[in-house]
Amino acid sequence: MTAIFGKLRFHRLQMAVPSSSACCSPSHVLREQILRAETPIRVFNLLNQQERDANFAQKKAERATVRSHFRDKYRLPKNELDETQIQAAADDVELPTELAKMIAEDNQEEEQKQSVLGHLTNIQNVDMGHLKGKAQATLEDLKNSAEKCSVM
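Using this note's numbering, the first residue of the sequence shown is number 1, and each one after it goes up by one.
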């Protein structure tokens, strides 16, 4: 078995280093043509592979951005792999537009819920009109009492 591989290796060496008499042989010319034809194909394949790798890295970074956003939102521990993937994409990563819209809507809803009026609307049996009227009446009373005060 090793004798066969040894012969193949010797044959490859002969093909790789042509002698001066074999330079004009038909097999050498054919070999040169094949190498010339394969070179653009290899370059094309290499460029395609690089483009696919770049697209794949971009997608991985986008997914990592989404994961890190939700980790921040729900206060989960951060993942170093996600940070590395985002940095590998040269921080050129943005959230997908649909997700960005959803996040903006969620942020608006959370801001409304965190406001005082948002909390009051969540309480049942609260008449907002009555509360507003009472608040305005209180403000008017304060203004009137401030006008009557001689120190002010």
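No residue lacks a Cβ here, since even glycine has one placed at the ideal position from N, Cα and C.
Does DSSP classify residue i as helix, strand or coil?
| i | result |
| --- | --- |
| residue 40 | helix |
| residue 106 | helix |
| residue 94 | coil |
| residue 127 | coil |
| residue 135 | helix |
| residue 115 | coil |
| residue 100 | helix |
| residue 22 | In this prediction, residue 22 has a pLDDT of 48, which is less than 50 and means its spatial position is unreliable; nothing more can be read from the coordinates. |
Can you give the Cα-Cα distance for residue i and residue j, rounded to whole angstroms?
| i | j | result |
| --- | --- | --- |
| residue 61 | residue 52 | 14 angstroms |
| residue 65 | residue 82 | 7 angstroms |
| residue 42 | residue 110 | 54 angstroms |
| residue 182 | residue 147 | Outside the shown range of the chain (1 to 152) lies residue 182, about which nothing can therefore be said. |
| residue 54 | residue 128 | 56 angstroms |
| residue 107 | residue 79 | 23 angstroms |
Going along the chain, which residues of its own chain have a beta-carbon closer than 6 angstroms to the beta-carbon of residue i, five neighbours each way excluded?
| i | result |
| --- | --- |
| residue 85 | 60, 61, 64 |
| residue 102 | none |
Apart from the five residues just before and just after residue i, which ones in its own chain have a Cβ nearer than 8 angstroms to its Cβ?
| i | result |
| --- | --- |
| residue 57 | 85, 88, 89 |
Where are the beta strand (DSSP E) runs, 3 residues long or more, that stay fully inside the segment 28-83, in chain order?
Correct list: empty.
Three or more C-beta pairs below 8 angstroms linking the segment 64-71 and the segment 95-103:
Look at the beta carbons and you see the segment 64-71 touching the segment 95-103: at least three pairs across the two are nearer than 8 angstroms.
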